[in-house]
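For the sequence shown, the numbering used here begins at 124 and goes up steadily by one.
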Amino acid sequence: MALSRCVKLNDGHLMPVLGLGTLVSEGVPKSKAGEATRVAIEVGYRHIDAAYVYENEEEVGSALREKIADGTVKREELFYTTKLWATFFRPELVRPALERSLKKLRLDYVDLFIIHVPITMKPGEELLPKDASGKVIFDTVDLRDTWAALEKCKDAGLTKSIGVSNFNHKQLEMILNKPGLKYKPVCNQVECHPYLNQSKLLEFCKSKDIVLVAYSALGSQRNSKWVEESNPYLLEDPVLNAIAKKHNRSPAQVALRYQLQRGVVVLAKSFNEQRIKENFQVFNFELPPEDMKTIDGLNQNLRYFKLLFAVDHPYYPYSEEY
């Protein structure tokens, strides 16, 4: 990947500005994540975003190793992200959780290890531990202690960079103001698209030299496990479609290009070969300022992924404006 297609993180490492998301919707076989990863690397993607909770790191890792073995790509050209799930936030569980991901991937290190959500849950094998009445069982852990454990993973060479996801600006400040902070988060990965453009959080992150990484950048595929089915479908938005038509592009390409021009690193999730290719064609056109402004105007603070299971948690991130 040309350097112009990377952003320099606050720790000096480079992150490709366009990545492939690998969360598989319910009912889709896990093998699809591996196939998508293979196709994406062949197309030119070098940034693969994954997570323990997606339960498909074996498949994704196998695709990475295959593409390294056949000479398509070198390990050091790839940027692989995994995430620490909420049941592993106790400091003593952090490194074993990363080592578990590395074992599934059969890799020596990841490029980025991030705290997946600011919500702490009861440790154990259950991804969403629930009590008899079906309520999620939380845990009390100070996220600053979790962060110190991530810093140790970086020092041990198990990850090149460390960051967070789904944090609001107050939670970011809590980490940044931590006594004895060794490394700042390099990024905050959040839901971000024209219906939820995160302009205030983006401004805050830029002021702290933290990269904002956008997930659900194309809206949501209405994954019923996490999202309300009745939400409007971003890619059918008439304004977005009109701009796309004007530039002879797809609405998805416009939604991705919009983020790149704002200085946001963007994750595009698709398991369709044609769309994986199409989503990569965002470096050879530019949206003029008036189109950027029009897309800004689509914002309605519509959040697809509300993490409603954690509304009662003291660290629930979305009670704040940003």
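Backbone N, C-alpha and C define an ideal beta-carbon position, used for all residues, glycine too. All values derive from a computational prediction rather than experimental measurement.
Reference residue i, options the options, closest by Cα
i	options	result
His316	Pro302, His239, Met297 and Leu421	Leu421
Ala173	Pro139, Gln384 and Val233	Val233
Arg213	Leu430, Val196, Lys245 and Glu274	Lys245
Asp414	Arg385, His436 and Ile366	Ile366
Gly157	Leu325, Gly150, Lys190 and Asn320	Lys190
Ala140	Asp419, Pro440 and Asn402	With the sequence shown as reference, residue 140 is identified as Val, and Ala is not the correct amino acid for it. Minimum Cα distance to Val140 is reached at Asn402.
Tyr175	Thr210, Ala340 and Glu165	Thr210
Trp208	Arg169, Glu249 and Asp231	Glu249
Lys416	Ala159, Asn395 and Val362	Val362
Asn424	Glu443, Tyr438 and Pro412	Glu443
Cys328	Pro302, Asp360, Asn289 and Asn364	Asn289
Ile399	Gly386, Asp268 and Arg169	Arg169
DSSP state of residue i mapped onto helix, strand, coil
i	result
Pro412	helix
Cys315	coil
Val140	coil
Lys131	strand
Ser284	strand
Val334	strand
Gly420	coil
Pro440	helix
Leu187	helix
Thr145	coil
Gly150	coil
Lys305	coil
Phe327	helix
Tyr203	strand
Lys155	helix
Gln376	helix
Leu235	strand
Leu126	Low confidence applies to Leu126: its pLDDT is 47, below 50, so where it sits in the model is not reliable enough to give any reading.
Ile164	helix
Ala279	coil
Val389	strand
Phe261	strand
Asp268	helix
His448	Given a span of 124 to 445 for the chain in the structure shown, any question on residue 448 remains unanswerable.
Ala255	coil
Ala173	coil
Neighbour-count burial assignment, residue i, 16 or more Cβ in a 10 Å radius
i	result
Glu200	exposed
Val388	buried
Ser330	exposed
Glu182	buried
Gln376	buried
Arg229	exposed
Ala255	exposed
Phe202	buried
Leu126	Confidence in Leu126 is poor, its pLDDT being 47 and thus under 50, which makes the residue's placement unreliable; the coordinate value appears in the next sentence. Classification of Leu126: exposed, given that the 10 Å Cβ count is below 16.
Pro152	exposed
Gly150	exposed
Gly280	exposed
Lys392	buried
Ala340	buried
Thr195	exposed
Asn291	buried
Asp435	exposed
Pro302	exposed
Tyr241	In the sequence as displayed, the identity of residue 241 is Pro instead of Tyr. Buried, because 16 or more other Cβ atoms sit within 10 Å of the Cβ of Pro241.
Gln382	buried
Pro106	Within the shown structure, residues of the chain are numbered from 124 to 445, placing residue 106 beyond reach of any answer.
Residues near residue i in its chain [Cβ-Cβ closer than 6 Å; skip 5 each side]
i	result
Lys283	His136 and Asp234
Val336	Cys310, Gln312 and Val388
Val287	Ile237, Ile238, Pro308 and Asn311
Asp262	Thr243, Met244 and Lys245
Inter-residue CB distance, residue i and residue j (contact presumed, cutoff 8 Å)
i	j	result
Cys276	Leu221	5 Å
Thr205	Ser224	5 Å
Phe394	Lys155	5 Å
Gln294	Leu325	Rounded, the Cβ-Cβ distance is 16 Å, inconsistent with contact.
Contact test: residue i Cβ vs the ligand HEM heavy atom, cutoff 6 Å
i	result
Leu216	Ligands are entirely absent from the displayed structure, and the ligand HEM is therefore not among its contents.
Close Cβ partners of residue i (< 8 Å) along its chain, the five nearest in sequence each way excluded
i	result
Leu431	none
Arg426	Glu314, Leu319 and Tyr441
Spatial neighbours of residue i in its chain, beta-carbon cut-off 7 Å, leaving aside the 5 residues before and after
i	result
Val259	Met244, Leu251, Pro252, Lys253, Phe432 and Ala433
Tyr123	The chain is shown from 124 up to 445; residue 123 falls before or after that span and cannot be answered.
Tyr306	Asp134, Glu274, Lys277 and Ile285
Arg372	Phe408
Lys429	Tyr441
Lys227	Glu180, Glu181 and Gly184
Pro437	none
Leu216	Pro246
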